[in-house]
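Quick notes on the structure that follows.
Residue numbers (this note's numbering): 23 to 150.
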């Protein structure tokens, strides 16, 4: 009986440690991966997305044409994690989408402007 309790306690402990160390897969810096779809001048071939651990994001073309104050929210988790990146006020000085639907799959990220169903996604790869 004592051995069974110890094994169960160990299993629960390992499970909790594994869960607590899991980081959000969108956190980090992402850089454009290849040619990007047209439509947003500052979200083209040299674009980047940077997301911190608090869910704050910066988008644009580094270093001068960046738009910050975007919030990342998780939508769902499945094979790839799904997120929405959105600005509270529209970023009028930088030409980037106001809101993006994002799918992260390992070290790749695809972002589609909210409401755009049939267009090509913006593609990024993890930089860090």
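Cβ coordinates follow ideal geometry from the N, Cα and C atoms, glycine included.
Extent of the continuous beta strand (DSSP E) to which residue i belongs
i	result
residue 69	69-73
residue 149	Segment: none, residue 149 is in no beta strand (DSSP E) and carries neither H nor E.
residue 135	130-135
residue 15	The chain is shown only over 23 to 150; residue 15 falls outside these bounds and no answer can be derived.
residue 56	No beta strand (DSSP E) holds residue 56; DSSP gives it neither H nor E.
residue 125	121-127
Inter-residue spacing [alpha-carbon to alpha-carbon] between residue i and residue j
i	j	result
residue 71	residue 77	12 Å
residue 134	residue 85	23 Å
residue 136	residue 123	6 Å
residue 51	residue 93	15 Å
residue 75	residue 97	16 Å
residue 154	residue 141	Outside the displayed range of the chain (23 to 150) lies residue 154, so it cannot be described from this structure.
residue 88	residue 127	24 Å
residue 69	residue 108	16 Å
Which residues DSSP lists as bridging residue i, in chain order
i	result
residue 94	107
residue 113	DSSP, once it has assigned bridges, lists no residue as partnering residue 113.
residue 50	73
Buried versus exposed, by CB contacts within 10 Å (16 or more), residue i
i	result
residue 114	exposed
residue 82	buried
residue 119	buried
residue 112	exposed
Residues near residue i in its chain [Cβ-Cβ closer than 6 Å; skip 5 each side]
i	result
residue 117	62, 63 and 64
residue 217	With the chain represented from 23 up to 150, any question about residue 217 goes unanswered, as that position is not in the structure.
residue 95	106
Own chain residues within Cβ distance below 7 Å of residue i, not counting five before or after
i	result
residue 67	54, 57 and 58
8 Å CB neighbourhood of residue i in its chain, flanking five on each side removed
i	result
residue 186	Because the chain in this structure spans residues 23 to 150, residue 186 falls outside the shown range and cannot be described.
residue 131	48, 52, 71, 124, 125, 145, 146, 147 and 148
CB contact check: residue i to chain D, cutoff 8 Å
i	result
residue 125	Considering every chain present, this structure includes no chain D. It has just one protein chain.
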